[in-house]
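Visitor: Residue numbers (my numbering): 1 to 393.
The C-beta atom is built at its ideal place from N, Cα and C for all residues, glycine as well.
From a predicted model like this one, the values you see are computed outputs, not experimental measurements.
1) Once you ignore the five residues that flank residue 186 on each side, which residues in its own chain have a CB closer than 6 Å to its CB?
2) Whether or not the region 302-312 and the region 261-270 are in contact is what I'm after, with contact meaning three or more pairs of Cβ atoms, one per stretch, closer than 8 Å; do they touch?
3) Hey, how far is the Cα of residue 144 from the Cα of residue 156?
4) Flag this pair as yes or no: are the beta carbons of residue 397 and residue 214 separated by less than 8 Å?
5) So residue 198 is in the alpha helix (DSSP H); what residue range does that whole segment cover?
6) Excluding the five sequence neighbours on either side, which residues of its own chain have a C-beta within less than 6 Å of the C-beta of residue 244, listed in chain order?
7) Mind the definition here: the region 359-370 touches the region 126-142 only if three or more C-beta pairs lie below 8 Å; say whether that holds.
8) If we count the other Cβ atoms within 10 Å of its Cβ and call it buried at 16 or more, is residue 176 buried or exposed?
9) Hey, is the region 380-393 in contact with the region 200-217, meaning 3+ C-beta pairs nearer than 8 Å?
10) Tell whether a beta-carbon distance below 8 Å holds between residue 240 and residue 370.
11) By how many angstroms is the C-alpha of residue 22 removed from the C-alpha of residue 396?
12) Measuring straight from C-alpha to C-alpha, what distance separates residue 32 and residue 275?
13) With a 10 Å radius around its C-beta and 16 neighbouring C-beta atoms as the bar for buried, classify residue 147 as buried or exposed.
14) From which residue to which residue does the alpha helix (DSSP H) around residue 228 run?
15) If we require 4 or more residues per run, which alpha helix (DSSP H) segments fall completely within the region 259-327?
16) May I ask you to report which of helix, strand or coil DSSP gives residue 177?
17) Between which two residues does the alpha helix (DSSP H) carrying residue 398 extend?
18) Measure from the alpha carbon of residue 316 to the alpha carbon of each residue in 367, 339, 118, then state which is nearest.
19) Measure the alpha-carbon distance for residue 221 versus residue 381 and round it to whole angstroms.
20) Grab me the residues of residue 30's own chain with a C-beta within less than 7 Å of its C-beta, minus the 5 sequence neighbours each way, in chain order.
21) Look at the alpha carbon of residue 76 and the alpha carbon of residue 200, and state the distance between them as a whole number of angstroms.
22) Quick check: what's the CA-CA separation for residue 224 versus residue 61?
23) Considering only residues of the same chain and omitting the five flanking positions on each side of residue 169, which have a CB-CB separation below 7 Å?
24) Report buried or exposed for residue 14, applying the criterion of at least 16 other Cβ atoms within 10 angstroms of its Cβ.
25) Taking 8 Å as the threshold (C-beta atoms), are residue 336 and residue 322 in contact?
26) Taking 7 Å as the limit between beta carbons, can you name the residues of its chain near residue 280, skipping five residues before and five after?
27) Within 10 angstroms of the Cβ of residue 59, are there 16 or more other Cβ atoms? Answer buried if so, exposed if not.
28) For residue 264 and residue 128, which I take to be in contact (beta-carbon distance under 8 Å), what is that distance rounded to the nearest angstrom?
29) By a C-beta neighbour count over all protein chains shown, 10 Å radius and 16 as the cutoff for buried, is residue 126 buried or exposed?
30) Buried or exposed for residue 120, please, with buried defined as at least 16 other CB atoms from any protein chain shown within 10 angstroms of its CB.
31) Would you give the residue range spanned by the alpha helix (DSSP H) that residue 67 belongs to?
32) Is the separation between the beta-carbon of residue 303 and that of residue 350 shorter than 8 Å?
Next comes the structure, spelled out in structure tokens:
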């Protein structure tokens, strides 16, 4: 018969293997962050090829997308600071205490802007300096449109090829999420107990509340003020796209349905919809932006780390820029979450454990925020079409 010591060693070995799977999953997610954010932002920014459209239509589109994403982030920021879902959360034992001196705390807005500009882009990649990577990607995407097509076509083709490979890698990693999440949850529960699920419930309620406010209050107000239409009329016109978004959790997969609804039911012209919606599916992620903001503040609160005004400002800016680079695939927001945590210096085993635990309940939240994302795209198409004098509905 096996001795109790041997059985104990066997259980310990199995436990270590399970924990290893969770750690590998987190490392795989972090591995694709820098190339994903670089290629997706470059493609999103450089996709505007018609320079006349960049002037008027492009400005309106970009202004709308930035404004609604910023509103969503501020809603998340207000709720996270009011509800404080991470306050009093279960402490994760046996994890190295977080060194608060690692937190980035710039002295001013000018300091933030200065640190965004990398002295060496390669160094920014090596050090996972996400704000610098995002700045470089945005700048590169803009300039890519300004150079001769003789040079830009091949570069953009190469970036798109890398992007598609990284997206496939991300999809494979996320497909393994159940195994990785199981390992992370075993580790989290072993270190904090089952009370962690209560903490995650309050976190989920905070995000759901923010998404509901944006979908049922902010977007309808935009329709009433700028389009002069009953919001119910618009949402009925977009019903099939919203259902598709909810079921697929993918803005990209929903794009054909979104375009059909916008053109056939909302009556937006093909010229406007074909410009606004593909761009929106790439860079307009209101639900994802809100999720990232709440997620980072929840983690900081759970770790007992107060973020001051300047650090929360970094969260807002990084969440806004990271949402632009979020791929339109299921759970892509999770990958982007690490960008925002890294931007304020939240980097530890405890952070990874909380992110992994959040993924365990992420599917319904992902479905909801994808529906918010495509709803914002469709409202944007209606607003811009109305401003162009088109007759809608």
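Guide: In short:
1) 18.
2) Touching, no, given that fewer than three Cβ pairs across the two stretches are closer than 8 Å.
3) 8 Å
4) Here the chain comprises residues numbered 1 to 393, so residue 397 is not present and cannot be evaluated.
5) 196-213
6) 254, 257
7) no
8) exposed
9) No: the two stretches stay apart, fewer than three of their Cβ pairs being nearer than 8 Å.
10) no
11) With the chain covering only 1 through 393, there is no way to say anything about residue 396.
12) 28 Å
13) exposed
14) Taken as a continuous stretch (DSSP letters only), residue 228 belongs to no alpha helix (DSSP H), as it is neither H nor E.
15) 270-283, 286-302, 309-324
16) helix
17) Shown here, the chain extends from 1 to 393; a query on residue 398 therefore has no answer.
18) 339
19) Rounded to the nearest angstrom, the gap between the Cα atoms of residue 221 and residue 381 is 15 Å.
20) 338
21) If you take the alpha carbons of residue 76 and residue 200, they lie about 16 Å apart.
22) 18 Å
23) 32
24) Residue 14 is exposed by the Cβ-count criterion.
25) yes
26) Taken in chain order, the residues that qualify are 65, 377, 380.
27) exposed
28) The Cβ separation is near 44 Å, so there is no contact.
29) exposed
30) exposed
31) 57-83
32) yes
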